[in-house]
Structures are given as structure tokens and as C-alpha cells.
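Each remark here refers to the structure printed beneath this line.
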Amino acid sequence: MRAHRNAAAGCALLFALTTAGCTGQDGPTDTTDAAPTAPSAPSAPSAPSAPSAPSAPTTATTAYAPYVSATTASDTDTAGSPTAYNLAFVISSGDDCVPRWNGVQDIDDASVASRVEKLSGSGATVRVSFGGASGTELAAACDSASALAAAYGAALDAAGSTRADFDIEGDALTDAGSIALRSEAIALLQKERSDLEVSFTLPVMPSGLDTDGLALLASANDHGVRVSTVNLMTMNYGESYTDDMGDYALASAQAAHTQLRKVFGTSDADAWRGMALTSMLGVNDVAGETFTLADAAEVRAFAEEKGIAWVSMWAAFRDEPCADNASAAEALTDCSGVEQESGAFAEAFAG
């Protein structure tokens, strides 16, 4: 979850916006983060029709759905009482079409199954996140759409999940071959699993989504993929972006909203409801960028005001202060790098 680009362009997309959200964060049972209405079968990929306007969303509270390690528990995982967890990440081991947690751990590992059971014990749901900033995304390792769909399906089954997040960034976002193969595979999987909810997690700038991100959405549309949410990575903009990270996150959301309205041909409210926001808490990978607790509260308030589907952060296991002797590298992987109480970012994002 990192890496960014610039610019914007238009495209068409078959967009299955969510029309029912979750209730307050103090009681996640029987709630989901933007639970979709039952989707219809996808349109034929050769000639997708213009999307019809989705029905207006019901009044709902923006969900809190942090990214968590799929393999290692953290004391801060449950802070903020999440209604969903994004399990990071499923990728290839490097050169085969076999899904593995972080590219190394078997997808059906009993310890991961036990972890998922504990995470969902409060009534929260889990979303399997494929890709990320490191390793080989399965679409770059599989030879056919059917094999890729089977690999994705195996990971979803292992987690008992009907939600798939595709975090596409870096080189994977410019690989036209893997983008097309992924779109085809997701469409196949949605034919087999009518309740499969798909989100794409994409880099964004304060100027909005870039041409690569919009091209990926166009590919999804061309193959008849039903997309529920576009999750914006509001982080790591570049060395010239040294001002307020909360303001940058809001500017990114506003710019992307304008694009998504055009892309989806839908209303203001539905375009907001089809959006999610993920920030990198504390210090970011780019020097000079620090996302504070005040920024988190600002993003949460904005998301509530606009009716955004869910907010998230990278990552729950970093939601704690660093030890006095922690290195800069440790601050990027194990802690926030800012002064805070453990779990404070989760509480701010949960509202």
C-alpha cells in the first residue's frame, strides 16, 4: 500500500454502488461496512451498457475498516470496534499461481483461520486484500483468467469472505496485461459468486485519480465487473507535498469525487457512497509527510458529512507510539512515529 502518480481522465464503468451502510461503531453486530444490495449478473464484456443511476443511499454511518496483518495479531487490531477488517495481503510466492498470505504462508494455514475467527467474533466482517506495494500480485503470475479466478476464490474461501479488495499500485498499475487478466478473472468470479463485493484500492493525488487508475476502472467496466467501492490511498504524495495531510486527504477526495461522478454517471450522494478513504497514520514513506490524530479526526468528520462508505488506515499494527530508541524504519512498519496513546488513531477514525 504505497506509490503514487498524477493526472486524470474519463472512462465508463458499470458501478454497483452500495445502498445500505452500517450503524454506529459501538455495535458492529449485524452491520457491515457498506453492505451491497444483491447484484444482478454482469453485462457482457464486449459491449457494456451505460450504467443506470443507482438508488439513493440510505442514511448510514461511515464504517471503520482498518488494514490488519492476516497472519499476526496486534493489541490494537480491535481498537475503535471496527465493523470490518482488510486482511493484508494475498499475493503469489513470486512465480506461481498459488495464493499465499504475504507470499509465504499457505492460504489454508490453521493459524490464519483461527485469527479470522477471532476478528469476526464481534460480528465484524473480513475483506481479503490482494496485491499491495510489495511482492507479485497474482494477476502477474497466473496464465489464465480461470486459474486466476480460482486463486482469488481459494483465498476468499479460506477467510470465509465475500469481499475482495484489490490494492493495485506501483508497476502493477501500468501492466496492461495483468490488468486485463484481473478484470476478466473478477468477472468470472462474480458470475460464480453473485454476492461477491469488489473494491479497488488505488493511489490518488490532491488532483485526483491518475490516468492509470482510471484506465484500470475502464478495464473493469469493459469486462463487466461490478465495483462497489473505490478506496483512495490518501498518502505518499511526493516530496513537494509538505503541508497539512488532512487537507490533502480532503482535496484528494473532492477531486476524485468529481472524476467518479463523470466515470459512473451518477449522483453526488452515490459517488460519495462509492468511495472509501485510507490514510497512512503518523509518518509516511515520504519525508515531510506526517498524518496526525487531528488529521484523522478531520477525515472522519468529512467522511461522515459526505456519506463516504468507509475509512481505513495503514495499519492497525502501527497504531501505537514508538519506543524511544526506535529507528525511522521501525516507525514505518511497527509504530506511528508520532506522540499518541495506543489505539488513538483507531478511535479517531471510528468517530
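Per the numbering used here, the sequence shown starts with residue 3, numbered consecutively. Using N, Cα and C, we set each Cβ at its ideal position, and we do this for glycine too. These numbers come from a predicted model, not from an experiment.
- For Ile-93, the uninterrupted beta strand (DSSP E) segment begins and ends at 86 to 94.
- Distance from the Cα of Val-229 is smallest, within the candidate group Asp-167, Ala-251, Ala-174, His-259, for Asp-167.
- The beta carbons of Ala-273 and Val-206 sit no closer together than 7 Å.
- Taking C-beta atoms as the reference points, Cys-337 and Glu-349 fail to come closer than 7 Å.
- With a threshold of 16 other beta carbon atoms within 10 Å, Glu-307 falls short and is exposed.
- Sorting Asp-214, Ala-305, Ala-156 by C-alpha distance to the C-alpha of Ala-271 places Ala-305 at the top.
- In this structure, DSSP gives Arg-195 a state outside helix and strand, which the three-state scheme calls coil.
- Per DSSP, the beta bridge partners of Val-70 are Leu-89.
- Bounds of the beta strand (DSSP E) holding Asp-169 are 165 to 169.
- Minimum Cα-Cα distance from Asp-97 among the listed residues Asp-111, Asp-159, Arg-320, Glu-139 corresponds to Glu-139.
- DSSP places Asn-223 inside the alpha helix (DSSP H), whose first and last residues are 213 to 224.
- Residue state for Leu-158 is assigned as helix, using DSSP reduced to three classes.
- In this structure Ser-329 is exposed. Its beta-carbon is surrounded by fewer than 16 other beta-carbon atoms within 10 angstroms.
- When rounded, the separation of the alpha-carbon atoms in Ala-333 and Asp-249 is 23 Å.
- Per DSSP, Val-118 lies in no beta strand (DSSP E) segment; the continuous alpha helix (DSSP H) that holds it begins and ends at 112 to 121.
- Annotated three-state conformation of Leu-283 is coil, per DSSP.
- In the three-state scheme derived from DSSP, where H, G and I count as helix and E and B as strand, Ala-317 is classed as coil.
- Boundaries for Ser-131: no alpha helix (DSSP H) harbours it, while the beta strand (DSSP E) harbouring it runs 127 to 133, taken from the DSSP string.
- Closest by C-alpha distance to Asp-297, out of Ala-253, Ile-109, Gly-134, is Ala-253.
- A direct Cα-Cα distance of roughly 41 Å separates Ser-344 from Asn-223.
- Burial of Gln-342 is indicated by the presence of at least 16 other C-beta atoms within 10 angstroms of its C-beta.
- Straight across, the Cα-Cα distance linking Ser-314 with Met-282 is about 9 Å.
- Sequence-distant Cβ neighbours of Ala-142 in its own chain, meaning closer than 7 Å and more than five residues away, are Ala-174, Asp-177, Ser-180.
- Under DSSP, no beta-bridge partner is assigned to Ser-242.
- Each of Met-247, Val-301, Leu-279 was checked against the Cα of Val-285, and the nearest Cα belongs to Met-247.
- If you draw a 10 Å sphere on the C-beta of Asp-214, you find 16 or more other C-beta atoms in it, and that means buried.
- The region 179 to 197 makes no contact with the region 231 to 247: fewer than 3 CB pairs, one atom from each, lie closer than 8 Å.
- Cβ-Cβ separation between Gln-107 and Thr-73: approximately 6 Å, consistent with a contact (criterion under 8 Å).
- Judged by DSSP secondary structure, Val-265 falls within the alpha helix (DSSP H) whose first and last residues are 247 to 266.
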